[in-house]
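> Chains as they are written, first to last, in the working numbering: chain A, 84 to 337; chain B, 0 to 293.
1. Among A:87, A:135, A:88 and A:85, which residue has its Cα nearest to the Cα of residue 96 of chain A?
2. Just how far apart, CA to CA, sit residue 85 of chain A and residue 156 of chain A?
3. Beta-carbon within less than 6 Å of residue 137 of chain A's beta-carbon, same chain only, minus the 5 sequence neighbours each way: which residues are those?
4. Determine, using beta carbons only, whether residue 297 of chain A and residue 317 of chain A come nearer to each other than 8 Å.
5. First and last residue of the beta strand (DSSP E) that includes residue 284 of chain A?
6. Since residue 218 of chain B sits in a beta bridge, which residues does DSSP pair it with?
7. Relative to the C-alpha of residue 276 of chain A, which candidate in A:268, A:257 and A:294 has its C-alpha closest?
8. How would you call residue 284 of chain A, buried or exposed, if buried means at least 16 neighbouring beta carbons within 10 angstroms?
9. Let me see if you follow: with CB-CB separation under 8 Å, is residue 230 of chain A close to chain B or not?
10. Identify which residue in A:292, A:122 and A:104 has its Cα closest to the Cα of residue 159 of chain A.
11. Less than 8 Å between C-beta atoms, sequence neighbours within five positions excluded: which residues of the same chain meet that for residue 325 of chain A?
12. Note down, one range per segment and in chain order, each beta strand (DSSP E) of at least 3 residues found wholly within the segment 114-189 of chain A.
13. So, for residue 328 of chain A: in the same chain, excluding its five sequence neighbours on each side, which residues have a beta-carbon less than 6 Å away from its beta-carbon?
14. Comparing the C-beta of residue 263 of chain B with each C-beta of chain A, is any distance below 8 Å?
15. At 9 Å on the CB atoms, spell out the chain A contacts of residue 268 of chain B, in chain order.
16. Is residue 73 of chain B helix, strand or coil when you go by DSSP?
17. By the criterion of Cβ-Cβ separation under 7 Å, what are the contact partners of residue 333 of chain A in chain B?
18. Would a check of beta-carbon distances place residue 239 of chain B closer than 8 Å to chain A?
19. Label residue 253 of chain A either buried or exposed according to how many other C-beta atoms from any shown protein chain fall within 10 Å of its C-beta, with 16 as the threshold for buried.
20. Can you tell me which of B:71, B:232, B:245 and B:184 puts its alpha carbon nearest to the alpha carbon of residue 289 of chain B?
21. My understanding is that residue 268 of chain B touches residue 235 of chain A, with C-beta atoms under 8 Å, so please give their C-beta distance in whole angstroms.
22. Below 8 Å, can you find three or more Cβ-Cβ pairs linking the segment 217-224 of chain B to the segment 187-196 of chain B?
23. Can residue 196 of chain A and residue 151 of chain A be called in contact, C-beta distance under 8 Å?
24. Looking only at its own chain, which residues have a Cβ that is under 7 Å from the Cβ of residue 292 of chain A, when we skip the five neighbours before and after it?
25. Count Cβ pairs between the segment 205-216 of chain A and the segment 169-183 of chain A that sit closer than 8 Å; are there 3 or more?
26. If you drop the 5 nearest sequence neighbours on each side, which residues of the same chain put their C-beta closer than 6 Å to that of residue 82 of chain B?
27. Tell me whether residue 88 of chain B is buried or exposed, calling it buried when 16 or more other Cβ atoms sit within 10 Å of its Cβ.
28. Take residue 147 of chain B and list the residues in its own chain whose beta-carbon comes closer than 6 Å to its own, dropping the five residues that flank it on each side.
29. What is the C-beta distance between residue 124 of chain A and residue 141 of chain A, in whole angstroms, given that I count them as a contact (C-beta under 8 Å)?
30. CA-CA distance, residue 192 of chain A and residue 148 of chain A?
31. Have a look at B:73, B:261, B:234 and B:8 and flag the residue whose alpha-carbon is nearest the alpha-carbon of residue 291 of chain B.
32. Would you list the one or two residues that DSSP bridges to residue 200 of chain A?
33. Using the C-alpha atoms, what's the distance from residue 244 of chain B back to residue 303 of chain A?
34. Any idea what DSSP makes of residue 309 of chain A, helix, strand or coil?
35. So, at 6 Å on beta carbons, what are the nonlocal neighbours of residue 209 of chain A in its own chain, with the 5 sequence-adjacent residues on each side left out?
36. List the DSSP bridge partners of residue 96 of chain A.
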């Protein structure tokens, strides 16, 4: 029976989890090559310690399944005690739907490929390296989103406005706004706008809590649908097109 | 002493031939030293003279080699021939000198006839001359804008300028003389920065001016701080080029910042966004960006 070894690394930033994996063995020779990486936005902040590994393991098994020729003996080096117990008991005692589904998927895939051995292990340099690589790739993707969008500032040290395109659809506006605030210095906040089907969503993230531009926009916008105001972050939904919203923002800012 | 023994025909031939030894070089030196807006007639005179007498020189040189001709005539013909040919080679090799020769070719009498009325254009804001064949300007329909902004030149001074144009404020486009300080400033900048191939034509310049004037009324009029290089930097910033730490264009960024087009950190501000949108509508965004690209 041929052998395949899997190592998974990952981490989280708030509700965002990211992961990567390597596969090596008889068919896959290069241990130092990151096979693939990915990221997810979870609905809640809990269980972000386990889910990156489960998502990474599932992706690795899918890859092995696609490329394998015949039956394989899989070895997964599990770096977490909780994860080991979870996999060992096949999710017994867990009620979270995401975790149950993931464990079942892993079980199904591993049975199809051959036999999976779970080995207790400490977090090695390989896992750390995978985690770093996956994080870098995610940061690159976020930077690409900001590079490819139209951006301008409402005034000197004012609000940064980002008019996002379809390529960032899989990233929540909340996450992008926090990244934009981290990226820029000396700004009052950020305004992100993205077309989403028939409506345009606008996230207004103010660092000092002022909503001057949002108030002006609401008065001028004929396609206003709804808004949800928070102390710092407000979500604004309108039927106006994204270009119209940009024009209105220009008017409101000048 | 030298001229003894020469026939009248030989003297006549020498008089035709001899100026060709130095005349093309005068034209070349004048063309090389003068500024592009200073139109001198010397390149044209020397070129016409060289072209007309070139055939004669060639024939005399040929006949001198084939038949017995006075050695002085033959020698001067050969020297003139060599001089003219080498001058022509230089004209072909040097773009600047070549341009001046060719530009002057159709109108050698531009400055010789002082009393001749020179057809010229005077730039006025919101009055555009796209068709060079038509002498009547096309006024923009918005009367309000025309009344808001006074023309650059007063009517009385216009008349004086039409009679005797200041050479540093004129440029020749499609065979006509145009007076536009903004365009002259741009051409001077092109000369100083060795920009020859991606220059804006006057029509393109006017298109940009029209588009940009919607946002900043007196832009590109020669006295304005914002010129084509600054607009080019603005467009490059809008195309997501990072020019924050670029020392070469720091001054241009500062001027844009003063006009409220970009922030100190090289981010577009609302007025800058509107300007870029207006230029995009004119369809010249890429060409403007190329102006300052290395």
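By construction, the Cβ of each residue, glycine as well, lies at the ideal position given by its N, Cα and C atoms.
Reading it off the structure:
1. For residue 96 of chain A, the closest of A:87, A:135, A:88 and A:85 by C-alpha to C-alpha distance is A:135.
2. Their Cα atoms are separated by approximately 6 Å.
3. Contacts found: 185.
4. The answer is yes: Cβ separation under 8 Å.
5. Per DSSP, residue 284 of chain A belongs to the beta strand (DSSP E) from 282-289.
6. BP columns for residue 218 of chain B are empty, so no partner.
7. Considering only alpha carbons, the answer is A:257.
8. Buried, by the Cβ-count rule.
9. At a cut-off of 8 Å between C-beta atoms, residue 230 of chain A counts as an interface residue with respect to chain B.
10. The option with the nearest alpha carbon to residue 159 of chain A is A:104.
11. For residue 325 of chain A, where only same-chain residues beyond five positions count, the Cβ hits under 8 Å are 246, 276, 277, 278 and 283.
12. Restricted to the segment 114-189 of chain A, the beta strand (DSSP E) segments that are unbroken, complete and at least 3 residues in length are 119-124 and 155-161, listed in chain order.
13. Excluding positions up to five away in sequence, the list reads 276 and 283.
14. Yes - at least one Cβ of chain A is within 8 Å of the one on residue 263 of chain B.
15. Within 9 Å of the CB of residue 268 of chain B, the CB atoms of chain A belong to 235, 236, 237, 238, 239, 241, 336 and 337, in sequence order along the chain.
16. Judged by DSSP in its simplified three-state form, residue 73 of chain B adopts helix.
17. Neighbourhood of residue 333 of chain A in chain B, by CB distance below 7 Å: 269, 272 and 273, in chain order.
18. For residue 239 of chain B, at least one C-beta of chain A is nearer than 8 Å to its own C-beta.
19. Its Cβ having fewer than 16 others within 10 Å, residue 253 of chain A is exposed.
20. Looking at B:71, B:232, B:245 and B:184, the one whose alpha-carbon comes closest to that of residue 289 of chain B is B:232.
21. Their Cβ separation, rounded to whole angstroms, is 7 Å, which keeps residue 268 of chain B and residue 235 of chain A in contact under 8 Å.
22. With the cut-off at 8 Å, the segment 217-224 of chain B and the segment 187-196 of chain B do not touch.
23. Pairing residue 196 of chain A with residue 151 of chain A gives a Cβ-Cβ distance under 8 Å.
24. Contacts found: 314 and 315.
25. Taking one beta carbon from each stretch, the segment 205-216 of chain A and the segment 169-183 of chain A have fewer than 3 pairs nearer than 8 Å; the two do not touch.
26. Once the five neighbours on either side are set aside, the close Cβ partners of residue 82 of chain B are 20.
27. Exposed, since its Cβ has fewer than 16 Cβ neighbours within 10 Å.
28. Confidence in residue 147 of chain B is poor, its pLDDT being 42 and thus under 50, which makes the residue's placement too unreliable to answer from.
29. The C-beta distance from residue 124 of chain A to residue 141 of chain A rounds to 17 Å, too long to meet the 8 Å contact threshold.
30. For residue 192 of chain A and residue 148 of chain A, the gap between their C-alpha atoms comes out near 7 Å.
31. Ranking B:73, B:261, B:234 and B:8 by Cα distance to residue 291 of chain B puts B:234 first.
32. For residue 200 of chain A, which the question treats as bridged, DSSP gives the partners A:158.
33. Cα-Cα distance, rounded: 38 Å.
34. In this structure, residue 309 of chain A counts as strand in the three-state DSSP scheme.
35. Closer than 6 Å at the Cβ level, and outside the excluded window around residue 209 of chain A, lie 90.
36. The partner list for residue 96 of chain A (beta bridge, DSSP) reads A:99.
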